[in-house]
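As they're listed, the protein sequences go chains Z and R.
For the record, in the first sequence the residue sitting at position 33 is 434 according to my numbering, with numbers rising by one throughout.
For the record, in the second sequence the residue sitting at position 39 is 145 according to my numbering, with numbers rising by one throughout.
Since the structure comes first, as structure tokens, the remarks are kept for the end.
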Amino acid sequence: MNPRFRSYSEFLFLALLLALLVAFFGILSEHFWSVATLQTITNRIPSLALTALGMTFVLVAGGIDLSVGSVSAVAGAVFGWAVADHGLGVGVAAMLAVGAGLGCGLLNGALVNTFRMPSFIVTLGLLEGARGLAYLVTNSQTKYLGERLGALQATVPVLGVSAAFVLALVLTAFAHFVLTSTVFGRHTVAVGTNEEAARLVGISPARVRMIVFAASGMLAGLAGLCHVARLGAADPNAGSGLELSAIAAAVIGGTSLMGGRGSMLATFVGVLIIATLEAGLAHLGVTEPMKRVVTGAVIIGAVGAEAVRARIASRRLRLGA
Amino acid sequence: MTAPRLAIHGLKKSFGTNVVLRGLDLELEPGEVHALIGGNGAGKSTLSKIIAGLESADAGEMRLGDNRYRPRDRRGAQAAGIVMVLQELTVLPTLSVAENLFLAALPARAGVLDRRRLRETARAALERVGLRSLDPDLPAVSLGVGHQQLVEIAAGLARRGHILILDEPTAALTGAEIETLFALLRDLRSGGTSILYISHRLDEIALIADRVSILRDGQLVATLPVRETTRDRLIELMAGAPALAPTSAARAGRGELALRLSDVRSGGVVRGISLDLHRGEIVGLGGLIGAGRSELLRAIFGAAPIDGGTMMLGREQEPFAPASTREAVARGFAFVPEDRKHHGLFAPLSVRTNASIARLPIARFLPGVVDHTTEAAEVTALLRQLQVRYADDSQPIAELSGGNQQKVVIGRWLGRDVQIWLLDEPTRGVDVAARRSIYALLRERAAAGQSILIASSDYDELATLCDRVIVLSNGVVTGEFSPPTLTPEAFMAAAFRGFEKGAAS
Numbered sequence: 402m403n404p405r406f407r408s409y410s411e412f413l414f415l416a417l418l419l420a421l422l423v424a425f426f427g428i429l430s431e432h433f434w435s436v437a438t439l440q441t442i443t444n445r446i447p448s449l450a451l452t453a454l455g456m457t458f459v460l461v462a463g464g465i466d467l468s469v470g471s472v473s474a475v476a477g478a479v480f481g482w483a484v485a486d487h488g489l490g491v492g493v494a495a496m497l498a499v500g501a502g503l504g505c506g507l508l509n510g511a512l513v514n515t516f517r518m519p520s521f522i523v524t525l526g527l528l529e530g531a532r533g534l535a536y537l538v539t540n541s542q543t544k545y546l547g548e549r550l551g552a553l554q555a556t557v558p559v560l561g562v563s564a565a566f567v568l569a570l571v572l573t574a575f576a577h578f579v580l581t582s583t584v585f586g587r588h589t590v591a592v593g594t595n596e597e598a599a600r601l602v603g604i605s606p607a608r609v610r611m612i613v614f615a616a617s618g619m620l621a622g623l624a625g626l627c628h629v630a631r632l633g634a635a636d637p638n639a640g641s642g643l644e645l646s647a648i649a650a651a652v653i654g655g656t657s658l659m660g661g662r663g664s665m666l667a668t669f670v671g672v673l674i675i676a677t678l679e680a681g682l683a684h685l686g687v688t689e690p691m692k693r694v695v696t697g698a699v700i701i702g703a704v705g706a707e708a709v710r711a712r713i714a715s716r717r718l719r720l721g722a
Numbered sequence: 107m108t109a110p111r112l113a114i115h116g117l118k119k120s121f122g123t124n125v126v127l128r129g130l131d132l133e134l135e136p137g138e139v140h141a142l143i144g145g146n147g148a149g150k151s152t153l154s155k156i157i158a159g160l161e162s163a164d165a166g167e168m169r170l171g172d173n174r175y176r177p178r179d180r181r182g183a184q185a186a187g188i189v190m191v192l193q194e195l196t197v198l199p200t201l202s203v204a205e206n207l208f209l210a211a212l213p214a215r216a217g218v219l220d221r222r223r224l225r226e227t228a229r230a231a232l233e234r235v236g237l238r239s240l241d242p243d244l245p246a247v248s249l250g251v252g253h254q255q256l257v258e259i260a261a262g263l264a265r266r267g268h269i270l271i272l273d274e275p276t277a278a279l280t281g282a283e284i285e286t287l288f289a290l291l292r293d294l295r296s297g298g299t300s301i302l303y304i305s306h307r308l309d310e311i312a313l314i315a316d317r318v319s320i321l322r323d324g325q326l327v328a329t330l331p332v333r334e335t336t337r338d339r340l341i342e343l344m345a346g347a348p349a350l351a352p353t354s355a356a357r358a359g360r361g362e363l364a365l366r367l368s369d370v371r372s373g374g375v376v377r378g379i380s381l382d383l384h385r386g387e388i389v390g391l392g393g394l395i396g397a398g399r400s401e402l403l404r405a406i407f408g409a410a411p412i413d414g415g416t417m418m419l420g421r422e423q424e425p426f427a428p429a430s431t432r433e434a435v436a437r438g439f440a441f442v443p444e445d446r447k448h449h450g451l452f453a454p455l456s457v458r459t460n461a462s463i464a465r466l467p468i469a470r471f472l473p474g475v476v477d478h479t480t481e482a483a484e485v486t487a488l489l490r491q492l493q494v495r496y497a498d499d500s501q502p503i504a505e506l507s508g509g510n511q512q513k514v515v516i517g518r519w520l521g522r523d524v525q526i527w528l529l530d531e532p533t534r535g536v537d538v539a540a541r542r543s544i545y546a547l548l549r550e551r552a553a554a555g556q557s558i559l560i561a562s563s564d565y566d567e568l569a570t571l572c573d574r575v576i577v578l579s580n581g582v583v584t585g586e587f588s589p590p591t592l593t594p595e596a597f598m599a600a601a602f603r604g605f606e607k608g609a610a611s
């Protein structure tokens with residue numbers, strides 16, 4: 402069996418899991434099939450999808466970015482501060498916000514490269530530090546922006562989905578293209594698979610790391626904007642725990658925490674699975690603590706089932722050969 | 107006549123297709139220092155590991171006195187009184203010196219560490235190796251490499267062996283420390299301990315050893331009393347009969363200068379190397395393990411920092427000091443690492459990705475985007491040209507044989523405009539057919555005007571493939587030969603020269 406086919410069958414497995422979840426909730430809750438549910442799900446998707454895409458880049462390159470939740474809060478805070486406190490236009494404020502995200506990402510990359518520290522530690526530091534920064538920028542207050550968001554709250558006509566959702570779809574496709582079809586994508590996989598071998602064919606691992614962390618920071622910034630657009634407010638508490646959901650989505654999608662392996666499309670399906678699960682459980686009236694228990698079980702179940710499937714497939718391959 | 111303390115007969119050992127020991131004999135008497143010498147691949151390390159229980163032999167017999175000896179592991183060997191001080195330091199840096207010494211048998215009462223007894227026994231053991239003033243409570247990491255080595259030896263002695271194996275024990279020691287060690291070895295010898303002493307340093311052997319055994323190609327050549335032999339005789343015995351006559355076809359005269367190194371230094375291992383490499387030339391780097399060949403190649407390629415000296419490129423002699431491998435590749439260098447598995451392969455990735463990674467074809471009009479169709483076509487053509495045996499170019503490269511993997515690791519550079527090839531043991535673990543096609547490929551590259559610098563531990567490879575052979579020893583150049591002047595004796599003498607007293611330090 403060739404690897405391309407193998408990845409198709411993996412993808413099929415994920416799609417099946419998603420279909421099962423939808424069917425399950427559809428049967429148990431008569432209200433699941435509704436426009437409202439669809440909107441709940443599509444609302445949840447953008448910020449999670451954007452951070453999960455960035456996370457997948459970093460994971461494939463052999464690192465991890467624990468700071469994305471806090472960085473998204475910094476971006477939201479900068480946006481709120483610019484619009485509410487300084488009366489800047491939405492466009493300028495959005496650029497500042499995304500720039501703040503990018504800055505945090507570059508800082509992560511620079512620290513990892515300069516001091517050769519594990520990215521786990523560096524980004525753990527920023528998980529804390531950036532959260533503090535978000536409080537400082539907003540003075541620990543939620544800034545209500547309401548009407549002033551303007552274009553950011555636009556919905557796409559006919560479909561009724563948010564612009565943020567469309568952005569998430571477009572960026573997923575773009576990220577997929579970058580990882581599979583560009584020189585940079587190939588170098589990212591090479592560095593994540595075997596950093597020393599990559600270096601010895603003339604790839605600069607430091608440069609690759611810098612770019613993936615920058616991308617992850619920028620995407621987290623965009624995720625922060627999506628969050629602000631949805632709530633109509635800049636909340637310094639936004640996005641707490643988002644990094645773990647993003648890792649979960651990537652891992653459900655088959656991304657390896659050891660580096661070198663991952664797919665943007667599969668990560669997006671992972672995001673859909675998490676969003677569907679959350680919306681479905683809410684429909685069933687499951688309490689918040691129980692929701693978390695079930696979500697945790699699904700993460701472990703999905704990754705475990707995939708591992709079993711892969712082992713069976715490779716055994717069959719060996720017997721067939 | 108009494109039986110020797112340790113008698114080895116007909117010992118055989120292979121790793122895969124690589125035969126290391128071919129029926130080796132050796133006898134070790136009580137109360138002697140017995141030196142073991144030989145070139146790379148002679149089998150010294152493998153033999154000592156088998157005696158110390160770190161490897162098991164495929165065939166042959168070992169006897170300790172009148173009993174058969176067959177250690178299951180290092181502990182088994184130690185129980186039989188055989189202790190080996192490993193060449194690589196096994197000191198655990200965060201533990202104290204005393205803890206390191208007695209890690210295997212820490213004194214304890216009811217499971218609680220008896221610190222006082224530990225400290226006392228440690229102090230006694232350290233005193234034996236002349237480290238009277240060393241505080242046994244210091245963390246081992248605070249010691250220099252030389253002291254760590256002495257602690258290792260102390261740890262070995264503390265295990266009360268009657269056979270002690272030392273592998274290059276003086277490599278990291280200063281003159282005074284060596285004196286201490288030798289005094290200790292003489293002391294042990296007069297107490298009846300047998301010492302197997304492996305070293306490149308022939309002058310040390312003359313000082314400390316009673317007898318010397320010469321190994322070549324996994325067999326014992328001779329065991330001689332040290333007093334009755336000379337340095338030249340030893341080198342002659344290690345080198346053996348003249349091997350293949352050099353067959354490299356005489357090529358048209360040298361091309362222009364491609365690379366000039368002047369007094370290049372790197373990491374304390376490369377200690378001032380100057381050499382010239384011309385266009386169309388294949389230059390071999392020979393020497394013993396630890397001579398600095400790999401380190402030199404890595405420094406040239408920008409994979410290790412250069413601490414001194416200069417490099418110049420091409421006829422114009424442009425200064426060249428790569429800050430990264432990326433820069434070296436951009437200037438026309440190609441590199442093939444010694445450790446294929448860890449430094450050459452992207453093992454789980456496809457054959458195709460492995461073959462194209464050094465130069466990906468770019469789509470027209472789309473900068474930075476890979477042209478998949480061209481990539482697949484180029485890789486297929488490359489694999490056919492190199493006669494790589496594979497099932498499907500999307501299969502993981504880990505599934506290919508070593509020879510075919512190596513063809514891909516070398517071939518991935520063919521798409522680039524390479525000027526200078528740096529190859530480190532390019533035919534290690536490669537079957538004969540693949541080896542032949544690698545040689546053909548390199549000759550063809552040289553004929554096209556590219557320059558090739560190749561480090562090899564295989565004398566025949568150097569003698570048959572290279573236009574010139576430069577011998578490194580202990581980080582400096584100790585010899586340069588072109589095929590007519592290259593003989594195994596001269597080569598071996600040069601390889602050992604840097605380790606002699608008075609050689610560059």
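Note that CB positions come from ideal geometry on N, CA and C, so glycine has one too.
For T329/R, the enclosing beta strand (DSSP E) begins and ends at 325-331.
Residue contact check for T656/Z against chain R: no CB pair falls below 9 Å.
Bridge pairing for W527/R: A440/R, I558/R [DSSP]. Interface residue (Cβ-Cβ distance to chain R less than 9 Å): N595/Z is classified as such.
When 7 Å is used as the limit between beta carbons, V475/R is near these residues of chain Z: S582, T583, in chain order. Here the alpha carbon of V709/Z sits roughly 29 Å from the alpha carbon of I442/Z.
About 12 Å separates the CB atoms of G236/R and L291/R; that is not less than 8 Å, and the two are not in contact.
Among the CB atoms of chain Z, one or more fall inside 9 Å of the CB of P443/R. In the same chain as F288/R, and ignoring 5 residues on each side of it, the C-beta atoms closer than 6 Å to its own belong to I314, in chain order. Only those residues of the segment 593-617 of chain Z whose C-beta falls short of 9 Å from the nearest C-beta of chain R are listed: T594, N595, E597, A598, A599, R600, L601, V602, G603, I604, S605, A607, R608. At a beta-carbon threshold of 7 Å, the residues of chain Z lying near F452/R are A591, T594, N595, A598, ordered along the chain.
Measuring C-alpha to C-alpha distances from L666/Z to each of V436/Z, G481/Z, G427/Z, T457/Z identifies T457/Z as the nearest.
Contiguous alpha helix (DSSP H) elements confined to the segment 174-208 of chain R occur at 180-185, 203-207, taking only those with 4 or more residues.
One Cα belongs to W434/Z, the other to V499/Z, and the distance between them is close to 35 Å. Residues of chain Z whose Cβ lies closer than 8 Å to the Cβ of R518/R are, in chain order, V602. Put simply, the segment 480-493 of chain Z does not touch the segment 569-583 of chain Z. Fewer than three CB pairs are less than 8 Å apart. The straight-line gap separating the alpha-carbon atoms of E226/R and T286/R is approximately 21 Å. Across the structure, T486/R and G517/R are spaced so that their CA atoms are roughly 12 Å apart. The beta carbon of H384/R lies closer than 7 Å to those of R360, G361, E362, L363, A364, S557 in the same chain, with the five residues before and after it left out. Among the CB atoms of chain R, none fall inside 9 Å of the CB of G463/Z. Put simply, the backbone Cα of E596/Z is about 10 Å away from that of H588/Z. One alpha carbon belongs to M168/R, the other to A185/R, and they sit about 16 Å apart.
A buried status is given to H268/R, since no fewer than 16 other beta-carbon atoms sit within 10 Å of its beta-carbon.
For the pair of segments examined, the segment 397-408 of chain R was found to touch the segment 423-436 of chain R: the number of CB pairs separated by less than 8 Å reaches three.
Residue pairing of R377/R in beta bridges, as defined by DSSP: R371/R.
Contact note: R587/Z reaches chain R through T459, S462, I463, L466, V476, using a C-beta cutoff of 9 Å and chain order. Per DSSP, the unbroken alpha helix (DSSP H) holding E597/Z starts and ends at 596-601. Judged by DSSP secondary structure, G671/Z falls within the alpha helix (DSSP H) whose first and last residues are 665-684. Judged by DSSP in its simplified three-state form, S410/Z adopts helix. Beta-carbon to beta-carbon, G420/R and E401/R are separated by about 24 Å, too far to satisfy the 8 Å threshold.
Interface annotation, R662/Z: in contact with chain R, CB-CB separation under 9 Å. Taking a Cβ-Cβ cut-off of 9 Å, the neighbours of R432/R in chain Z comprise R600, G603, I604, S605, R608, given in sequence order.
Distances from the alpha-carbon of I271/R to those of H253/R, R180/R, R333/R put R180/R closest. A436/R has a beta carbon lying within less than 9 Å of a beta carbon in chain Z.
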